[in-house]
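**Q** From first to last, the protein sequence lines stand for chains A and Y. Its first residue numbered 136, the first sequence is counted upward by one per residue in our numbering. Its first residue numbered 136, the second sequence is counted upward by one per residue in our numbering. Before anything else, here's the structure in question.
There are 2 protein chains.
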Amino acid sequence: MHKQVSSPAESHAQTDRKIMIDLIQEFLTTDTASLAAVGVSFGGPVNPIRGLVHLSHHVPGWDNFPLQKWLQKHLNAPVALDNDANAAALGEHRFGAGRHCKDMMYITVSTGVGGGLILNNQLWRGSDYMAGEIGHTVVDLNGPLCLCGKRGCVERFASGPYIAERARKWLMEQPDRGRILRELVHHDLKMVNAQMVAQAAEEGDDLAWESLEIAAHAIGIGIGNAANMINPERFVLGGGVTKSGKRFWKKIDDTAHQTALPGIHFEIVPAKLGDDSPLLGAVALAEDLINSEISDTSE
Amino acid sequence: MHKQVSSPAESHAQTDRKIMIDLIQEFLTTDTASLAAVGVSFGGPVNPIRGLVHLSHHVPGWDNFPLQKWLQKHLNAPVALDNDANAAALGEHRFGAGRHCKDMMYITVSTGVGGGLILNNQLWRGSDYMAGEIGHTVVDLNGPLCLCGKRGCVERFASGPYIAERARKWLMEQPDRGRILRELVHHDLKMVNAQMVAQAAEEGDDLAWESLEIAAHAIGIGIGNAANMINPERFVLGGGVTKSGKRFWKKIDDTAHQTALPGIHFEIVPAKLGDDSPLLGAVALAEDLINSEISDTSE
Numbered sequence: 136m137h138k139q140v141s142s143p144a145e146s147h148a149q150t151d152r153k154i155m156i157d158l159i160q161e162f163l164t165t166d167t168a169s170l171a172a173v174g175v176s177f178g179g180p181v182n183p184i185r186g187l188v189h190l191s192h193h194v195p196g197w198d199n200f201p202l203q204k205w206l207q208k209h210l211n212a213p214v215a216l217d218n219d220a221n222a223a224a225l226g227e228h229r230f231g232a233g234r235h236c237k238d239m240m241y242i243t244v245s246t247g248v249g250g251g252l253i254l255n256n257q258l259w260r261g262s263d264y265m266a267g268e269i270g271h272t273v274v275d276l277n278g279p280l281c282l283c284g285k286r287g288c289v290e291r292f293a294s295g296p297y298i299a300e301r302a303r304k305w306l307m308e309q310p311d312r313g314r315i316l317r318e319l320v321h322h323d324l325k326m327v328n329a330q331m332v333a334q335a336a337e338e339g340d341d342l343a344w345e346s347l348e349i350a351a352h353a354i355g356i357g358i359g360n361a362a363n364m365i366n367p368e369r370f371v372l373g374g375g376v377t378k379s380g381k382r383f384w385k386k387i388d389d390t391a392h393q394t395a396l397p398g399i400h401f402e403i404v405p406a407k408l409g410d411d412s413p414l415l416g417a418v419a420l421a422e423d424l425i426n427s428e429i430s431d432t433s434e
Numbered sequence: 136m137h138k139q140v141s142s143p144a145e146s147h148a149q150t151d152r153k154i155m156i157d158l159i160q161e162f163l164t165t166d167t168a169s170l171a172a173v174g175v176s177f178g179g180p181v182n183p184i185r186g187l188v189h190l191s192h193h194v195p196g197w198d199n200f201p202l203q204k205w206l207q208k209h210l211n212a213p214v215a216l217d218n219d220a221n222a223a224a225l226g227e228h229r230f231g232a233g234r235h236c237k238d239m240m241y242i243t244v245s246t247g248v249g250g251g252l253i254l255n256n257q258l259w260r261g262s263d264y265m266a267g268e269i270g271h272t273v274v275d276l277n278g279p280l281c282l283c284g285k286r287g288c289v290e291r292f293a294s295g296p297y298i299a300e301r302a303r304k305w306l307m308e309q310p311d312r313g314r315i316l317r318e319l320v321h322h323d324l325k326m327v328n329a330q331m332v333a334q335a336a337e338e339g340d341d342l343a344w345e346s347l348e349i350a351a352h353a354i355g356i357g358i359g360n361a362a363n364m365i366n367p368e369r370f371v372l373g374g375g376v377t378k379s380g381k382r383f384w385k386k387i388d389d390t391a392h393q394t395a396l397p398g399i400h401f402e403i404v405p406a407k408l409g410d411d412s413p414l415l416g417a418v419a420l421a422e423d424l425i426n427s428e429i430s431d432t433s434e
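Right under this line is the structure:
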């Protein structure tokens with residue numbers, strides 16, 4: 136069974152928590168099975184060990200909320216949580232493009248650029264549970280200013296909004312170029328988004344391709360840097376921007392392999408679970424809880 | 136007991152291997168103790184699991200040599216080996232600035248820039264045993280060309296030879312600057328090395344400081360990137376270039392913390408074992424062999 140409820144516009148943490156509980160109660164009345172465990176993928180920084188949400192960048196009221204304890208009290212079942220990038224890494228590793236892969240990095244390129252690491256078949260979270268933040272690694276120390284305050288982050292070149300912004304700027308500066316992209320948005324430059332840029336590039340628009348190419352180059356360098364630093368065997372790429380076509384993928388792959396030292400081997404593959412990678416990661420978190428309980432009682 | 140023998144100029148792998156064996160035989164005849172285990176820190180890429188040396192960049196004849204098996208046969212004792220950066224990380228973790236630290240990265244800045252990772256109290260080697268290569272991560276995609284063929288690697292800005300080269304170039308281009316550095320080398324620009332640059336900077340030479348500052352900035356970004364990607368609790372810095380004074384360290388520390396995302400915490404400390412970190416890492420490798428044998432026989 137599968138059900139999705141969106142958080143309302145201008146929601147508050149309390150409202151969202153009520154939605155969570157109601158949703159689960161509904162399952163429990165319609166399904167004969169009882170609740171063995173709950174896994175949560177949260178869209179913001181968390182402390183998975185203490186079961187704490189640090190904050191949400193979108194919804195107020197989450198600051199330092201003990202979500203794990205709170206859910207356990209209301210649902211009378213064990214609960215595990217992690218941030219959505221880590222959950223997505225876990226989901227792809229358990230059920231998707233990272234199966235049978237001991238060490239991998241999951242990277243999502245969408246409105247932001249994030250990631251999660253699996254080392255030795257386990258999530259590598261880091262000492263502040265912040266590992267995997269490839270989007271804010273710097274690849275161009277003199278580059279353009281990123282929202283985070285630094286210059287030349289991978290995200291500053293590669294996220295969807297920045298791909299669109301760059302194309303829009305060039306369309307304004309270069310009136311003779313970008314005919315295909317202009318027609319796609321009916322000459323309303325406000326309508327330019329990363330998906331349109333990708334479509335125009337596929338149809339042969341040079342300006343559109345150049346904006347995408349800059350994104351692919353930055354992602355490729357970020358991956359090559361991660362390969363030099365961590366040396367995993369596979370990179371799994373998800374998120375809307377990664378649906379930008381073969382030429383985009385080839386540019387990422389070529390750049391990443393040029394950036395990695397000789398002797399470092401890896402493959403870059405698309406995510407298999409689409410938008411569901413974080414949710415299936417939450418399933419994996421719940422599975423692990425159940426398995427650890429079984430091994431606890433059998434000891 | 137401690138003894139050091141240098142490899143002769145234009146040596147060959149066979150010569151070096153004979154030196155190794157002779158050295159150990161000498162210990163065995165002068166010391167009453169028998170040989171329990173041997174640890175090797177090798178200056179080049181190795182496969183520590185198969186006990187293979189891949190190659191040496193300095194001495195011919197090492198290509199794919201099974202050093203572990205060969206030493207075991209000649210010494211009749213268990214042997215473990217790793218590359219020098221990994222061994223140094225292990226040495227600092229076990230005996231130096233990384234003690235009681237679960238996750239750390241060791242970085243050496245010398246004629247090259249390399250590193251090794253300890254995650255969960257163990258060496259993280261990566262799937263090709265190449266993890267930790269922070270020196271060839273790119274921080275300036277439009278930067279100057281590195282020996283490795285890429286642009287803007289950390290090493291290209293931060294290694295001793297490049298610090299010296301940059302200062303030398305500026306001294307030639309800017310005849311009115313760098314008085315202190317010029318006097319230190321008695322106006323013979325060929326004599327400029329990274330140590331002289333550091334000394335001149337300490338004595339107030341602006342040109343010298345600017346060359347060092349570029350190195351510190353690149354190292355700081357490399358560390359900040361590693362913190363975002365891996366999130367270890369400590370960075371331990373060794374190698375000659377890291378002896379370049381307080382201002383150099385402050386620049387590294389400030390840049391690294393500016394590069395890391397809010398919520399990511401770490402400290403940057405100097406290595407404690409100096410040039411001996413790789414050797415003490417070899418001791419740690421041997422210790423681990425002995426301990427694993429004890430646990431094998433007690434099972």
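For glycine and all other residues, C-beta sits at the position ideal for the given N, C-alpha and C. This one's a predicted model, so the numbers in the text were calculated from it and none came from an experiment.
Taking the continuous beta strand (DSSP E) assigned at I403/A, which residues delimit it?
**A** Segment 402-405, the beta strand (DSSP E) holding I403/A.
**Q** How close, in whole Å, do the beta carbons of G233/Y and V418/Y come, if the pair is a contact with beta carbons under 8 Å?
**A** About 15 Å; that fails the 8 Å criterion.
**Q** How many Å lie between F200/A and K208/A at the Cα?
**A** In a straight line, the C-alpha of F200/A is about 14 Å away from that of K208/A.
**Q** If you drop the 5 nearest sequence neighbours on each side, which residues of the same chain put their C-beta closer than 6 Å to that of A129/A?
**A** An answer regarding residue 129/A cannot be provided, because it is not within the stretch 136 to 434 covered by chain A.
**Q** In the DSSP assignment, the beta strand (DSSP E) including M239/A goes from what residue to what residue?
**A** Run containing M239/A: 239-244, per the beta strand (DSSP E) assignment.
**Q** Enumerated in chain order, which unbroken segments of the beta strand (DSSP E) with a length of 3 residues or greater are wholly contained in the region 211-242 of chain A?
**A** As far as the region 211-242 of chain A is concerned, its whole beta strand (DSSP E) runs of at least 3 residues are 214-218.
**Q** Taking only runs of the beta strand (DSSP E) that begin and end inside the region 240-299 of chain Y, which ones reach a length of at least 3 residues, in chain order?
**A** DSSP runs (the beta strand (DSSP E)) wholly in the region 240-299 of chain Y: 248-254, 257-259.
**Q** Can you confirm whether H193/A, when its beta carbon is compared against all beta carbons of chain Y, has any partner nearer than 8 Å?
**A** No, its Cβ sits nowhere closer than 8 Å to a Cβ of chain Y.
**Q** Starting from G373/Y, follow the beta strand (DSSP E) in both directions and report where the run begins and ends.
**A** Where G373/Y is concerned, the enclosing beta strand (DSSP E) stretches over 369-373.
**Q** Are any of the Cβ atoms in chain Y nearer than 8 Å to that of K138/A?
**A** It does not; no Cβ of chain Y falls within 8 Å.
**Q** Applying a beta-carbon distance threshold of less than 8 Å, which residues of chain Y neighbour P296/A?
**A** Going along chain Y, no residue has its Cβ under 8 Å from P296/A, so there is no contact; the nearest lies around 19 Å.
**Q** Near M326/A, what residues of its chain come up, given a Cβ to Cβ distance below 6 Å and the 5 sequence neighbours on each side ignored?
**A** Same-chain partners within the cutoff: V320.
**Q** With DSSP as the reference, label N360/Y as helix, strand or coil.
**A** DSSP places N360/Y in helix when its eight states are reduced to three.
**Q** How long is the line joining the alpha carbons of K378/A and G174/A, rounded to whole angstroms?
**A** The straight-line gap from Cα to Cα measures roughly 28 Å.
**Q** Which one or two residues does DSSP pair with V115/A in a beta bridge?
**A** No answer is possible for residue 115/A: the residues shown for chain A start at 136 and end at 434.
**Q** Report all residues from its chain with a CB closer than 6 Å to the CB of R312/Y; omit the five preceding and five following residues, and keep chain order.
**A** L342.
**Q** Given E434/Y, which residues of its chain have a CB within under 6 Å of its CB, disregarding the five upstream and five downstream residues?
**A** The predicted position of E434/Y is uncertain, since its pLDDT is 49 and thus under 50; no value can be drawn from it.
**Q** Check whether the region 391-407 of chain Y touches the region 150-163 of chain Y, taking contact to mean three or more Cβ pairs, one atom from each stretch, closer than 8 Å.
**A** With the cut-off at 8 Å, the region 391-407 of chain Y and the region 150-163 of chain Y do not touch.
**Q** Are the beta-carbon atoms belonging to G287/Y and D275/Y less than 8 Å from one another?
**A** Cβ atoms of G287/Y and D275/Y: closer than 8 Å.
**Q** Which of the residues in the region 260-285 of chain A, read from start to end, lie with their CB under 9 Å from any CB of chain Y?
**A** Of all residues in the region 260-285 of chain A, R260, G261, S262, D263, Y264, M265, A266, G267, E268, I269, G270, H271, T272, V273, V274, D275, L276, N277, G278, C283, G284, K285 have a Cβ within less than 9 Å of some Cβ in chain Y.
**Q** Contact criterion: CB-CB distance below 8 Å. Does E434/A meet it with respect to chain Y?
**A** Unreliable placement is indicated for E434/A, whose pLDDT of 49 sits below 50; the coordinate value is still reported in the next sentence. Chain Y, which has no Cβ nearer than 8 Å to the Cβ of E434/A, makes this no.
**Q** Closer than 8 Å, CB to CB, is H400/Y near chain A or not?
**A** Judged by the 8 Å Cβ criterion, H400/Y is in contact with chain A.
**Q** How about Q393/A: is its C-beta nearer than 8 Å to some C-beta of chain Y?
**A** Interface residue, yes.
**Q** Three or more C-beta pairs under 8 Å: does that hold for the region 139-151 of chain Y against the region 260-271 of chain A?
**A** With the cut-off at 8 Å, the region 139-151 of chain Y and the region 260-271 of chain A do not touch.
**Q** S142/A and I156/A - do their beta-carbons sit closer together than 8 Å?
**A** No, they are not a contact pair.
**Q** N84/A versus chain Y: which residues are under 7 Å apart at the beta carbon?
**A** Here chain A comprises residues numbered 136 to 434, so residue 84/A is not present and cannot be evaluated.
**Q** Are the CB atoms of S176/Y and V78/Y within a distance shorter than 8 Å?
**A** An answer regarding residue 78/Y cannot be provided, because it is not within the stretch 136 to 434 covered by chain Y.
**Q** Does D238/A get closer than 8 Å to chain Y when you measure Cβ to Cβ?
**A** Chain Y contact via Cβ: present.
**Q** Does the Cβ-Cβ distance between I416/A and A223/A come in under 8 Å?
**A** Residue 416/A is actually Gly in this sequence, not Ile. Cβ distance < 8 Å, so G416/A and A223/A count as in contact.
**Q** Of the residues R369/A, H189/A, I425/A, A302/A, which one's Cα is nearest the Cα of H235/A?
**A** That would be R369/A, whose Cα lies nearest to the Cα of H235/A.
**Q** Which partner residues of G174/A appear in the DSSP bridge assignment?
**A** A215/A, per the DSSP bridge assignment.
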